[in-house]
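The next block holds one structure in the form of structure tokens; read it before the comments.
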Amino acid sequence: MDFLTKIAKGLAAVQATVGSDELGPKQPLTLEAGGTLNLQARRKRETQQRIVRLETPLGEGLARIDLSAADARALAEALTAFANSVADDARPVSALPRSTD
């Protein structure tokens, strides 16, 4: 086995355990103040844990936050409580159609 083959196999092994795989399409949420927040269900390769990834443009890159199911539920409850506390300002938003790409 030559040196380049060993490197390629090593990179393939690392790639198989690092990162996450998509479980569904990104769901864009257009924000009232402008911009978009993308939500996507994913699975971590190393642990097989299902997560939700929140992603939004930040400067010239992307800000990404991966949340476990428990963290996503806690965030949803906190956001719902906030929206309920300022109900006059929190107008309902209709769900956007799912992206097919």
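First residue of the sequence shown: 8, per this note's numbering; consecutive thereafter.
Glycine is no exception: its CB is placed at the ideal position from the N, C-alpha and C atoms.
Which of the three DSSP states, helix, strand or coil, is assigned to residue 78?
-> The answer is helix: DSSP assigns residue 78 an H, G or I state.
Does the distance from the CB of residue 114 to the CB of residue 33 come in under 8 Å?
-> In this structure the chain extends from 8 to 108, so residue 114 is not present and cannot be described.
Could you tell me the boundaries of the beta strand (DSSP E) in which residue 52 lies?
-> From DSSP, residue 52 is part of no beta strand (DSSP E); its letter is neither H nor E.
Have a look at residue 51 and residue 73 and give me their C-alpha separation to the nearest angstrom.
-> If you draw a straight line from the Cα of residue 51 to the Cα of residue 73, it comes to about 10 Å.
Throw me the rounded Cβ distance for the residue 27 and residue 58 pair, which I believe falls under 8 Å.
-> About 7 Å separates the two Cβ atoms, so the contact holds.
Determine the closest residue to residue 65 out of 79, 44 and 90, with distance taken between C-alpha atoms.
-> For residue 65, the nearest C-alpha among the options comes from 44.
Please indicate yes or no: does the CB of residue 67 lie closer than 7 Å to some heavy atom of the ligand SAH?
-> The model depicted lacks the ligand SAH and carries no ligand whatsoever.
First and last residue of the uninterrupted beta strand (DSSP E) at residue 38 | According to the DSSP assignment, residue 38 belongs to no beta strand (DSSP E), since it is labelled neither H nor E.
Determine which residues share a DSSP beta bridge with residue 47 and list them.
-> According to DSSP, residue 47 bridges with 60.
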